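J.: Sequential numbering from 77 applies to the sequence shown in the numbering used here.
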Amino acid sequence: MAEQNLKNHTRIVPIFHMGVGFPVIINFFWTIYKLVQDPSGDRFMAFLVGISLLLLFISVRQQILTVQDRVIRLEMRLRMRELLQPDVYARASALPIRQLIALRFASDAELPALVRDVLSGNLTTQKDIKARVKDWQSDFQRA
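Pasting the structure below:
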């Protein structure tokens with residue numbers, strides 16, 4: 077696998093995003109087109125099914141990402157408990173999930189300094205935190 081870094085760490089799951097998402101989106105717009113072109117009860121039902129499929133697609137992805145975020149939060153709490161001083165760990169445990177997600181790419185050696193910068197307000201956004209990571213820890217197991 078190619079080395080992961082700030083520029084290429086996002087993930088598209090081809091079978092989900094293209095194999096399922098693309099047809100669902102096309103179906104949604106197709107049912108709108110057909111409903112406008114020739115309104116009928118059957119076309120309206122097809123439109124409702126199209127909306128349902130689109131909402132299901134979005135909901136499934138959101139639920140997957142929510143579970144992944146919870147696992148990342150647990151993983152980061154365990155890492156930080158091992159690597160940080162108790163007083164810093166106590167404050168870091170309350171960091172928002174978005175910041176923990178960004179911090180997970182940092183190596184064990186640089187994590188304490190990055191956490192201190194986040195806690196002091198010097199780093200606030202995911203983009204800023206990820207940009208400061210020098211020794212990028214790849215995550216090829218993401219959902």
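Ideal placement from N, C-alpha and C gives every residue a C-beta, glycine not left out. Predicted model only: the values in this text are computed from it and were never measured.
Using a threshold of 8 Å, state whether the C-beta atoms of L160 and V209 are closer than that.
T.: No; because the gap between Cβ atoms is not below 8 Å, this pair is not in contact.
J.: Taking only three categories from DSSP, how would you classify H93?
T.: Helix.
J.: Have a look at G117, P172, P115, L187 and flag the residue whose alpha-carbon is nearest the alpha-carbon of E158.
T.: Per the Cα distances, L187.
J.: Which class does D211 belong to by DSSP, given the choice of helix, strand or coil?
T.: Note: D211 maps to coil in three-state DSSP.
J.: Skipping 5 residues on each side, what residues in its chain have a beta carbon closer than 6 Å to that of D145?
T.: Taken in chain order, the residues that qualify are I173.
J.: Touching or not, the stretch 162-177 and the stretch 195-204, by the rule of three or more beta carbon pairs under 8 Å?
T.: Taking 8 Å as the limit for Cβ pairs, the verdict is that the stretch 195-204 does touch the stretch 162-177.
J.: G117 lies in the alpha helix (DSSP H); which residues open and close that run?
T.: Unbroken alpha helix (DSSP H) run through G117: 117-159.
J.: Assuming F123 contacts V100 (C-beta within less than 8 Å), just tell me the rounded distance between them.
T.: Between V100 and F123 the Cβ distance is about 13 Å, and since that is not below 8 Å, they are no contact.
J.: Would DSSP call A170 helix, strand or coil?
T.: Note: A170 maps to coil in three-state DSSP.
J.: Sorted by chain position, which residues of the same chain lie with C-beta nearer than 8 Å to V89's C-beta, five sequence neighbours on each side aside?
T.: Closer than 8 Å at Cβ, skipping near neighbours: A219.
J.: Leaving out five residues before and five after A182 in sequence, what residues of the same chain have Cβ atoms less than 6 Å from its Cβ?
T.: So the list reads L190, V209, once near-sequence residues are dropped.
J.: Can you grab the Cα-Cα spacing for the pair G126 / V147, in whole Å?
T.: Cα-Cα distance, rounded: 32 Å.
J.: So, at 8 Å on beta carbons, what are the nonlocal neighbours of I140 in its own chain, with the 5 sequence-adjacent residues on each side left out?
T.: Counting only Cβ-Cβ distances below 8 Å, and skipping sequence neighbours, we find A219.
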